[in-house]
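Let me begin by presenting the structure, written as structure tokens, before commenting on it.
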Amino acid sequence: MAGRDSGEPHRTSTPLELFFDLCFVVAVAQASGSLHRALESGDHATGVLRFALVFFTIWWAWMNFTWFASAYDPDDVPYRLSVLLQITGSLVLAAGVDRAFEAGDLTVITVGYVVLRTALAALWLRAALADPARRRTALRFASGVAACQLGWVGMLLVPAAVRLPGIVVMILAELSVPVWAQSAGMTPWHPGHIAERYGLFTLIVLGESVAAATVAVRGAFDRHHGTGSLWALAAGGLLMAFA
């Protein structure tokens, strides 16, 4: 698993990466739906806080894999199996979103997230073995990611009263891992590939937003609520997606 050429011409997203994105959008949709229900019930502060936490786990797991794949991605069988494991983790995470919003139970989300991140740590170990020039960086990524997963599991064991400060500490720890790791040397990520990956994921999320808005507007019309304000709201949502 040698590092990819950061100047490789015509580097594009692979079908596996696109499938990975689609599976993560399922988790985004679950989080958005749960936030909507929380806001409808008047649970604004708690709903927004839980959405922020859930979205962080989705966004951070997706982003870390994307940057790793841009730098390495040998597209062989072991790599594909590790991606399949990460996809499984994302679906487990998505399955736990409702429990996180309704009861504050983070167990299922944590299991899914730990599966995701542990699979990525294994990929970094593989990169460390195959890329001597960047071994120190890869080992820092692997050890940092693995240590954070132990911390997330530990969060399940602490009293609920101190869980929120602990989660803030864990988020800061997660954010610090790439900074610490790449202080030992940068990975050979591809600028064009990264730009395309972010653009495609944004398009998929926007597509999910348009689909959700369409369902909501259709439901309102079915209930004979086709008022001027509804038309204005629908137009505003569409304009936001285009913007």
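Going from the sequence shown to the working numbering is simple: count from 1 and add 221.
We put the beta carbon where it would ideally sit given N, CA and C, even for glycine.
Whole-Å CB distance - residue i paired with residue j, under 8 Å assumed
i       : j       : result
Ala-292 : Gly-224 : 6 Å
Thr-328 : Leu-377 : 6 Å
Val-398 : Gly-387 : Incorrect: roughly 17 Å between the Cβ atoms, too far for contact.
Ala-290 : Glu-238 : 6 Å
Val-246 : Val-431 : Contact flag wrong, Cβ pair sits at about 12 Å.
Short Cβ contact (7 Å threshold) for residue i with residue j
i       : j       : result
Leu-337 : Gln-370 : no
Ala-248 : Glu-429 : no
Pro-295 : Met-407 : no
Ala-349 : Ala-342 : no
Trp-410 : Trp-288 : yes
Ser-303 : Cys-244 : no
Arg-258 : Ala-321 : no
Arg-269 : Val-318 : The identity of residue 269 in the sequence shown is Val, whereas the question assumes Arg. Contact: no.
Leu-421 : Ser-234 : yes
Arg-361 : Ala-402 : yes
Ala-363 : Leu-346 : yes
Trp-373 : Thr-331 : yes
Arg-439 : Ala-405 : no
Environment of residue i [buried if 16+ CB atoms lie within 10 Å]
i       : result
Asp-242 : buried
Leu-256 : buried
His-414 : buried
Gly-333 : buried
Val-335 : buried
Thr-278 : buried
Ala-252 : buried
Val-298 : exposed
Phe-240 : exposed
Leu-314 : buried
Leu-460 : exposed
beta-carbon residue i near the ligand GDP non-hydrogen atom, thresh 6 Å
i       : result
Gln-251 : No copy of the ligand GDP occurs in the structure displayed, which carries no ligand at all.
Item checked: Segments of 3+ residues assigned as beta strand (DSSP E) that fall wholly inside the segment 231-267 -> For the segment 231-267, not a single whole beta strand (DSSP E) run of length 3 or above is found.
Next item on the list: Could you name each continuous alpha helix (DSSP H) segment of 4 residues or more that falls completely within the segment 320-396, going from the start of the chain to the end?
Entry: Entirely contained in the segment 320-396, the alpha helix (DSSP H) runs reaching 4 residues are, in chain order, 328-351 and 356-376.
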